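Mind the numbering: the sequence shown is residues 21 to 346 in this note's numbering, read in order.
The structure appears below as structure tokens.
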Amino acid sequence: LAVRVLAMVLVMGAAVFGNLLVIISVFRFERLRIIANSFIVSLAFADLTVALLVMPFNASQEIAGRWMFGSITCDIFNANDVLFSTASLLHLCCISMDRYIAITDPFHYESKMTKRRVAIMLSCVWGASSLISHVPIHLGLYTTSEHRESTDDSDQCLFVVNKIYGAISSAISFWTPTIVMVFTYKKIYTEARKQEKQIYALTKAAGSSVDNLHRTNGANGARNGSSQVDNARLTQERKKMKREHKAAKTLGIIMGAFLLCWLPFFMWYVTTTMCGDYCQTPPVVVSLLFWVGYFNSALNPLIYAFFNRDFRNAFKRLLCCKRTVC
Numbered sequence: 021l022a023v024r025v026l027a028m029v030l031v032m033g034a035a036v037f038g039n040l041l042v043i044i045s046v047f048r049f050e051r052l053r054i055i056a057n058s059f060i061v062s063l064a065f066a067d068l069t070v071a072l073l074v075m076p077f078n079a080s081q082e083i084a085g086r087w088m089f090g091s092i093t094c095d096i097f098n099a100n101d102v103l104f105s106t107a108s109l110l111h112l113c114c115i116s117m118d119r120y121i122a123i124t125d126p127f128h129y130e131s132k133m134t135k136r137r138v139a140i141m142l143s144c145v146w147g148a149s150s151l152i153s154h155v156p157i158h159l160g161l162y163t164t165s166e167h168r169e170s171t172d173d174s175d176q177c178l179f180v181v182n183k184i185y186g187a188i189s190s191a192i193s194f195w196t197p198t199i200v201m202v203f204t205y206k207k208i209y210t211e212a213r214k215q216e217k218q219i220y221a222l223t224k225a226a227g228s229s230v231d232n233l234h235r236t237n238g239a240n241g242a243r244n245g246s247s248q249v250d251n252a253r254l255t256q257e258r259k260k261m262k263r264e265h266k267a268a269k270t271l272g273i274i275m276g277a278f279l280l281c282w283l284p285f286f287m288w289y290v291t292t293t294m295c296g297d298y299c300q301t302p303p304v305v306v307s308l309l310f311w312v313g314y315f316n317s318a319l320n321p322l323i324y325a326f327f328n329r330d331f332r333n334a335f336k337r338l339l340c341c342k343r344t345v346c
């Protein structure tokens, strides 16, 4: 029990600390205040609220061995759990679409991903997440009649769902967004590889052109200057492309981490919903599935720190703000 308590406290602490760091960094440093990071901040907020509003209640039930907060709080807890896990995956879906536009249509990115459009996308994320969580749970549409009748006498907060809600909620919360995200990321990867080959070919051609022009006399100075300008533009394009590709790579790692953490849970969720009492799972396994999913809320800030230079520098400046080396 002591090991489990320590593990839960560490996950909660890391999630709160890391996601606060992400949110503060974006608001504090102008370099991070770009339109694409609106999704990152909203995702960090979802992960932060998981750590503050979901994990403590689950942990208390694990430690005490029973639910101590009543049936109404149980419904709120379950609704928040569904809300924020759904919101996390839908945020990743939005981020994948944002990166797809940035890489496949960079010249029209700013006209397509406006503040208004991003605000609409985020509103849809939170709206859809609320519709699949708080609305059906508080109306009692999510569960079976047997569980509804036994709720008042139970000292356990169990999330027992009927087959219709189980199928619809898992499709909206996980399976459909995952398919969209994997398909989009495959397109991003294919386009990124194609662009890398094109840039490499253009860089090689530009290098050969500059070498040839350097061999000519002063009469060709204007042509040489023009070539240098083109080469400078090419260098800028290459830097921009590398930056977008790194962002896409970070997205891929975040997406992979999310799937590793939540795929086992949703496979169990669908299986037990469909086969009911025939699929009994040991409580310790159920607890592990939940907490592996919660662990994802602590992972994203670590991924930013390792794979995104701008976030890494911002974290360093925040954590050692009074040291001259930072």
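Here a beta-carbon is modelled for each residue, glycine too, at the ideal position from N, C-alpha and C.
All figures in this text were calculated on a predicted structure; none of them were measured in a lab.
Nearest candidate by alpha-carbon position, reference residue i, set the options
| i | options | result |
| --- | --- | --- |
| Phe194 | Thr93, Thr291, Trp282, Ile54 | Trp282 |
| Lys266 | Gly160, Phe331, Ala79 | Phe331 |
| Phe97 | Ile208, Ser153, Asp125 | Ser153 |
| Cys177 | Ile208, Trp87, Val202, Met133 | Trp87 |
| Ser149 | Tyr298, Ile55, Asp101, Leu26 | Asp101 |
| Phe59 | Trp146, Gly90, Val36, Ile92 | Trp146 |
| Lys269 | Tyr209, Leu161, Gly296, Phe49 | Tyr209 |
| Ser307 | Gly85, His128, Phe49, Ala34 | Gly85 |
| Glu130 | Ile54, Met141, Ile140, Arg24 | Ile54 |
| Val61 | Trp311, Val74, Met75, Ile43 | Ile43 |
| Asp113 | Ala22, Val29, Asn39, Thr196 | Position check: residue 113 holds Cys in this sequence, whereas Asp was assumed. It is Thr196 whose Cα lies nearest to the Cα of Cys113. |
| Ser143 | Ala191, Met287, His111 | His111 |
| Ile123 | Phe286, Lys207, Tyr298, Gly296 | Lys207 |
| Ile199 | Leu21, Cys340, Leu279, Ser91 | Leu279 |
| Ala191 | Ala99, Phe286, Met141 | Phe286 |
| Ala22 | Ile83, Glu50, Ala34, Asn39 | Ile83 |
| Asn78 | Asn39, Arg51, Arg24, Leu52 | Arg24 |
| Ile184 | Gly296, Asp175, Ala35, Leu30 | Gly296 |
For residue j and residue i, believed in contact at Cβ under 8 Å, the rounded distance
| i | j | result |
| --- | --- | --- |
| Phe335 | Ala325 | 6 Å |
| Met275 | Tyr205 | 6 Å |
| Pro321 | Leu109 | About 17 Å; that fails the 8 Å criterion. |
| Thr69 | Phe104 | 6 Å |
| Val290 | Gly160 | Rounded, the Cβ-Cβ distance is 21 Å, inconsistent with contact. |
| Ala71 | Ala107 | Contact doesn't hold; Cβ gap of about 14 Å is too wide. |
| Met28 | Trp311 | 7 Å |
| Ala99 | Ile157 | 4 Å |
Where residue i sits in the DSSP three-state scheme
| i | result |
| --- | --- |
| Arg329 | helix |
| Gly296 | helix |
| Asp67 | helix |
| Ala56 | coil |
| Leu309 | helix |
| Cys177 | coil |
| Gly85 | coil |
| Tyr314 | helix |
| Asn182 | coil |
| Ile152 | coil |
| Phe47 | helix |
| Tyr162 | coil |
| Pro302 | coil |
| Met287 | helix |
| Thr134 | coil |
| Asp125 | coil |
| Cys340 | coil |
| Leu21 | coil |
Inter-residue Cα distance where the pair is residue i and residue j
| i | j | result |
| --- | --- | --- |
| Asn328 | Leu63 | 16 Å |
| Arg80 | Cys94 | Looking at the sequence itself, residue 80 is Ser, so the reference to Arg does not match. Distance between the alpha carbons of Ser80 and Cys94: 12 Å. |
| Val304 | Phe179 | 15 Å |
| Gln300 | Thr293 | 11 Å |
| Arg119 | Lys214 | 16 Å |
| Gly272 | Ala318 | 17 Å |
| Arg136 | Thr163 | 37 Å |
| Asp26 | Gly313 | The residue asked about is misnamed: residue 26 is Leu in this sequence, not Asp. Distance between the alpha carbons of Leu26 and Gly313: 17 Å. |
| Cys346 | Asn333 | The pLDDT assigned to Cys346 is 47, lower than 50, so where the model puts this residue is not dependable, and the model offers no usable value. |
| Leu338 | Ser45 | 8 Å |
| Phe47 | Asn182 | 42 Å |
| Lys217 | Glu211 | 10 Å |
| Asn57 | Arg168 | 42 Å |
| Leu116 | Val202 | Here residue 116 is Ser; the residue named in the question, Leu, does not match the sequence. When rounded, the distance between both Cα atoms is 9 Å. |
| Pro284 | Leu309 | 7 Å |
| Met75 | Phe127 | 43 Å |
| Leu151 | Phe49 | 34 Å |
| Gly90 | Val155 | 19 Å |
| Leu73 | Ile92 | 15 Å |
| Val138 | Tyr298 | 45 Å |
| Pro302 | Asp125 | 49 Å |
| Ala34 | Ile121 | 32 Å |
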